[in-house]
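Worksheet: the structure to be examined is printed underneath.
Numbering (the working numbering), first residue to last: 1 to 276.
This is how it looks when you write it as structure tokens:
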């Protein structure tokens, strides 16, 4: 049976309408797969991350600027280090910052491109009780039977972590770096381990000049620079999207000069000034 022109015209209009609806539905679905907010678990770790610093610290400033270039807003939530890691690992948070590369973390996370080059860990000790330590020839066995203050949840590298497990020396894990330096000054530990950029604000803000003069430091090693990364949880629904977006944004930051301006701010002390 032949269809009249009117029927063909009506059928054509209906088909076009269906196609338009399907196209719009597809566009909406794609939009839903492009989240505009990422929730990041972090910790008090100035000058890299802190709720009392400009932009929540230099690491957070870099990550925020990179995501902004890709149309994504950042939301930071502060927790103790170990809890921030667990909340991201389980997918309660999309990601966590700042973390170094360590064996085994790839099981639960995607590493972003490097966010920032950071200083190496240092041993802080009393000037009148120097450590037997050579940064050019680091030998963890020289720390045998010493007690060292460290932060709960932090991983200080394979050699240190293995020695801690084997009880070569005693590691006193604490929630705050200030506690470690108080114990050091009271001679309750032999050393504190921390990055110098992190330890310096704590010493300057929480201890007197006389107390600071009693403290000396040595880098664990003089090896190549280490980096901080954003760890993106593989449990996050949008993990791969966030990873690609951040990496694109970081590259754009470096190309447009904004990254270097943030590094200049760090060097000039912008991220050492607490918000009042």
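From the three backbone atoms N, C-alpha and C, an ideal C-beta is built for every residue, glycine too.
Extent of the continuous beta strand (DSSP E) run through residue i
i           : result
residue 76  : 73-78
residue 125 : 121-126
residue 170 : 170-174
residue 149 : 147-151
residue 163 : Careful: residue 163 lies outside any beta strand (DSSP E), inside the alpha helix (DSSP H) at 158-165.
residue 277 : The question about residue 277 has no answer, for the chain in this structure spans 1 to 276.
residue 92  : Per DSSP, residue 92 belongs to no beta strand (DSSP E) and is neither H nor E.
residue 118 : 116-118
residue 110 : 109-111
CA nearest to the CA of residue i, picked from the options
i           : options            : result
residue 194 : 85, 205, 219, 238  : 219
residue 215 : 202, 221, 223      : 202
residue 175 : 192, 153, 164      : 153
residue 306 : 122, 163, 179, 240 : Within the shown structure, residues of the chain are numbered from 1 to 276, placing residue 306 beyond reach of any answer.
residue 208 : 221, 226, 228, 178 : 178
residue 125 : 137, 231, 147      : 147
residue 253 : 87, 113, 77, 98    : 113
residue 241 : 180, 110, 273      : 110
residue 182 : 169, 44, 206, 38   : 206
residue 84  : 44, 171, 67, 199   : 44
residue 72  : 103, 78, 244       : 244
residue 160 : 221, 42, 228, 231  : 221
Residue i - containing alpha helix (DSSP H), residue span
i          : result
residue 68 : 58-68
residue 89 : 81-89
Anticipated Cβ contact below 8 Å, residue i with residue j, distance rounded
i           : j          : result
residue 257 : residue 69 : The Cβ separation is near 13 Å, so there is no contact.
beta-carbon residue i near the ligand HEM non-hydrogen atom, thresh 7 Å
i          : result
residue 83 : This structure lacks the ligand HEM, and indeed carries no ligand of any kind.
Go through the stretch 179-261 residue by residue and report every complete run of the beta strand (DSSP E) that reaches 3 residues or more, in order.
-> 191-195, 215-219, 226-233
At least 3 beta-carbon pairs within less than 8 Å: the stretch 246-264 vs the stretch 51-68 = yes
Stretch-stretch touch, CB-based, cutoff 8 Å, three pairs: the stretch 91-102 with the stretch 233-246 | yes
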